[in-house]
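Residue numbers (my numbering), protein chains in the order written: chain A, 1 to 800; chain B, 801 to 1090.
Positions of the beta carbon are idealized from the N, C-alpha and C atoms, including for glycine.
Worksheet for the structure shown next.
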Ligand SMILES: Cc1cc2nc3c(=O)[nH]c(=O)nc-3n(C[C@H](O)[C@H](O)[C@H](O)COP(=O)(O)OP(=O)(O)OC[C@H]3O[C@@H](n4cnc5c(N)ncnc54)[C@H](O)[C@@H]3O)c2cc1C
């Protein structure tokens, strides 16, 4: 069923791409031999403990560190005064109009802007001693009025977080197509309301961790960092520390999850680097769980007022939205505060034809941890809002939710389709995903079972969510609006060394996705070597000249493309060398499974023999050929625009009518990620994404009290679903049409988190349909269900 | 998140532990499974001068039959309660309840005595102690004493224990023959502390309730027996109407707090539902159902 536009692959060879090969990194990780940043032990390392602000908003007066400095094992106690002298501030700039940048600094100076912001760093012989000394610091704060509510923060007369800015609105933008007001006015049916998605935090298993090692001899600095974006961090540190890139190396070893929380430049990364250079010793900081929960970038915090107008037959006429994103205290580097709220707007039209669309977007600063990318960036919110609106419209029209979607999807012949927000969808299985999901769950039978359960007083609900997203975004689009960083290209360098071993260098940074395996699959197949003969080097800025990292569902597409091109170039060189060495035509050289052979003869040669001939046996090749067949290649890949990935999630849930506990009975995902490199890894990514989506739908919420204190700063209070709360799920892959990306891959790492919240919200709503309530808020915790249901039942009692 | 400095002593015996506690002048802390104490140290909520490890004291272990009940050592791990045949036979409600305590790794270390002494207001085992009329055996400098469970818990994280006292055993008197039981808990996730939990035992004579006990947790500062509801149930026919009035009595009796997980109203609502459910399962078991 796959129409391949990609002619580069010899179909007679055994397929490595597409095979469910075991992850190459797993033996290391599962036997405890992974090496995470905190596992890196360097002699003489000093440890940092941070005194973080206990105020959400306050002016910093005098800081008395005298007692702490005298405490056992303490090497130094540092404040912004020193750090500002050691570093240059960095700003997330953007070409966007009406955008205001805020500085990223190692330590807060002058003011604190969220509870948890680092203010003082204690450096000591051990983390224990450093934490002991925190008690010896006195900070004289003058509290300022905390800015907690995003709507109040956006008001003209609000207390300002950043004195140099006109107000708290860091970005304001309006866009759209057609005449929404006119279309709305004329429309027979309108649905809408206020949707609220509450703040979440990525909660990677491995908390953030950084170790800086300044070598006084070479005057070079190595930062070991638990980061998704070593390249972005390195390039920022060049400016912050005023050092050449050749003296700065960022290594992301094994990284235990990121989900976007490790995709930005963080104050602590700057801090350990500056202190290591200042002290001439390795300096380490590792977040504990509380620090992770209060200071790692957070997200999914939006208020969306939205309205959808439809025709009597269910055809969408117009969509409008007013989006207010609560972006916390700072505009995060490099993505800016625009990242999430703008994506909410950008993806709001979804996979549907929406002729008239307008969105008004504002990003407003509040006294909370900064908002950064989180798996799905904005799209979980757009999918939630739009898919709820679609169900609301279906209900008003008494149409089946499946039918109204099928009616409005962009159709096969309409691709490429430009949405009202300017995004262009290339052909992807919008309709096919929904049809297949409905088949997989046996939708008609499920509806029947639902009717029977209802008759028994059981609250069973079915929810559909369809979405589309852009992945593998190339250089013509910006991963974040107006950002001066190119995230659209990746390069690869592959070499065969003098022992015949193959090493492929990439700029991306796997943090759990299994990219060491999927990239090895691509390189192995494209080159003609066995999987186990390929060594992947990634997560290290010294591997390639330019790189950014892994985020935005890009690495398989873009690094995969670079790997493909490079492997093909190198294969050509190997075949050319072999043709001379074996004395046959290039066309008669076979190269598969790491073995080179001359077709029709019994002449064979291993890569090791070839490498020896090329590198060591000087007479083996004529000089002009030798110069051409250096066993190394470097190519880069730019997909220019990227491609569309789509999916439908279908959930069946049951709500206990007395306790309002929710159980997810069935969960089906059908997704189109183009050519599947490794189905086992794709399944794993979907499972993990859906688990996080379930967290967003039912459990996870960063809660602040009215003073701006984060009151969900432990894993007791920030509730992530555990294995027991995540149902087994069914995942199907469609391969509708190969996109124009090299290899036919579409990005798929984030999708699970995009569809699940919306599908569950719709299922909950369906389960409660007899009460006439609408689910307008996520997460739908048991408490919120209790409130919604009690209000509806009280209403019923009153009216009856 | 590192603990403050502390000294460490391994107690050889009950007397040794008591002596060390006395020597520390109220600054020392016993450590059993460490599953509640160590997090509190790591959060620096406590800064004891010395940790007195009672984990190696042989007299604190074991589950044995006395004439009229079971005597359970304070060091008995949650997992040992969960898998004990004696307990499953005599107190199946306890077997069920302990499955709801935390996760396997924590149940492997956490102890019965530690859970009671920690006195978390949403914990299951303190509720079991009040439900089952446990007698908590304590040793101190002044000798030994037994504290009835409903006098042991005084409030959130607060017990009747003196600073230099140690809980040695928990004695559970047997229930009458043909006692049915029920246990229900609602928590955010499997293994979490209860938003609300209830447990009941019902003993029947001639189809009427001769003895009934009803306990709740998660809905007040301490685990509670709801005597008023028990009084209303005792002697009654086992009908749903009585059960609903018992639920209402419980809802009125408890004083839940609101936190990030649930409001007081929701907890109050839940406990009423759970009381109905545990009474119905206790009734059906007392009548010889499963
Ligand atoms: C993630 C997590 C989830 C949990 N979930 C639950 C749950 O759902 N339900 C639940 O009930 N519990 C839960 N717990 C707590 C767990 O059950 C603890 O094991 C128990 O509360 C304490 O037992 P311990 O032996 O570990 O006590 P420790 O932590 O060693 O001690 C606790 C306190 O009791 C004192 N103490 C201990 N033994 C004695 C004794 N013999 N005499 C006098 N004082 C003593 C100590 O000095 C300390 O003050 C959870 C714990 C964790 C970490």
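Residue-level contact by beta carbon holds for residue 787 of chain A and chain B, with a gap shorter than 9 Å. With a cutoff of 9 Å on beta-carbon distance, residue 572 of chain A and residue 490 of chain A are scored as not near each other. Apart from the 5 residues on each side of it in sequence, residue 817 of chain B sits with its Cβ closer than 7 Å to the Cβ of 811, 830, 852, 854, 857, 966 in its chain, given in chain order. Interface flag for residue 790 of chain A against chain B is set, since a Cβ pair is found closer than 9 Å. For residue 1061 of chain B, the nearest beta carbon of chain A is closer than 9 Å to its own beta carbon. Separation of residue 310 of chain A and residue 177 of chain A (C-alpha to C-alpha, rounded to the nearest whole angstrom) is 17 Å. What residue 798 of chain A touches in chain B, judged by beta-carbon distance under 9 Å, is nothing: the nearest beta carbon there is about 18 Å away. When C-beta atoms of the segment 668 to 678 of chain A are compared with those of the segment 527 to 535 of chain A, fewer than three pairs fall below 8 Å, so the two segments do not count as touching. Residue 203 of chain A has its Cβ no nearer than 8 Å to any heavy atom of ligand 1.
If you check the C-beta of residue 965 of chain B against ligand 1, you find a heavy atom less than 8 Å away. For residue 997 of chain B, the enclosing beta strand (DSSP E) has its first and last residue at 996 to 1005. Residues are counted here when their Cβ sits less than 8 Å from a Cβ of chain B; for the segment 678 to 699 of chain A these are 699, given in chain order. In the three-state DSSP reduction, residue 937 of chain B falls in the strand class (E or B). With contacts defined as CB atoms closer than 9 Å, residue 387 of chain A and residue 791 of chain A fail to qualify as a contacting pair. A check of alpha carbon separations from residue 777 of chain A across A:796, A:699, A:725, A:443 identifies A:699 as the nearest. For residue 1047 of chain B, the enclosing alpha helix (DSSP H) stretches over residues 1040 to 1053.
When distances are taken from the beta-carbon of residue 1059 of chain B to the heavy atoms of ligand 1, even the shortest one reaches 8 Å or more.
Looking only at A:486, A:145, A:174, the smallest Cα-Cα distance to residue 359 of chain A is reached by A:174.
Looking from the CA of residue 1076 of chain B, the closest CA among B:974, B:916, B:815, B:1049 belongs to B:1049.
By the Cβ-count criterion, residue 718 of chain A is buried, with 16 or more other Cβ atoms from all chains shown falling within 10 Å of its own Cβ. Around the beta carbon of residue 725 of chain A, a 10 Å sphere encloses 16 or more other beta carbons of the protein chains shown; the residue is thus reported as buried. Closer than 8 Å at the C-beta level to chain B, one finds these residues of the segment 111 to 137 of chain A: 127, 128, 131, 132. Residues of chain B with a Cβ closer than 8 Å to the Cβ of residue 289 of chain A are, in chain order, 801. Neighbours of residue 712 of chain A in chain B, taken as residues at a C-beta separation under 9 Å, are given in chain order as 1060.
Looking at the DSSP output, residue 865 of chain B bridges to B:870. In the DSSP assignment, residue 328 of chain A falls within the beta strand (DSSP E) that extends over 316 to 328. In this structure, residue 137 of chain A sits near residue 65 of chain A, with a CB-CB distance shorter than 9 Å.
Within chain B, the residues 986, 1070, 1073 have their CB atoms less than 7 Å from the CB of residue 659 of chain A, given in chain order.
Inside the segment 29 to 108 of chain A, DSSP marks whole beta strand (DSSP E) runs of 3 or more residues at positions 46 to 52, 58 to 64, 74 to 78, from first to last along the chain. The shortest C-alpha to C-alpha distance from residue 996 of chain B to any of B:1073, B:876, B:894 is the one to B:1073. In this chain, residue 144 of chain A is not harboured by any beta strand (DSSP E), its DSSP state being neither H nor E. Leaving aside the five residues that flank residue 415 of chain A on each side, the residues in its chain whose CB is nearer than 7 Å to its CB run, in chain order, 425, 426, 427.
When 9 Å is used as the limit between beta carbons, residue 717 of chain A is near these residues of chain B: 1059, 1060, 1061, in chain order.
Interface annotation for the segment 635 to 665 of chain A against chain B: 658, 659, 661, criterion Cβ-Cβ distance under 7 Å. With a cutoff of 9 Å on beta-carbon distance, residue 211 of chain A and residue 262 of chain A are scored as not near each other. The way I'd put it, the segment 11 to 30 of chain A does touch the segment 514 to 521 of chain A; three or more beta-carbon pairs between them come closer than 8 Å.
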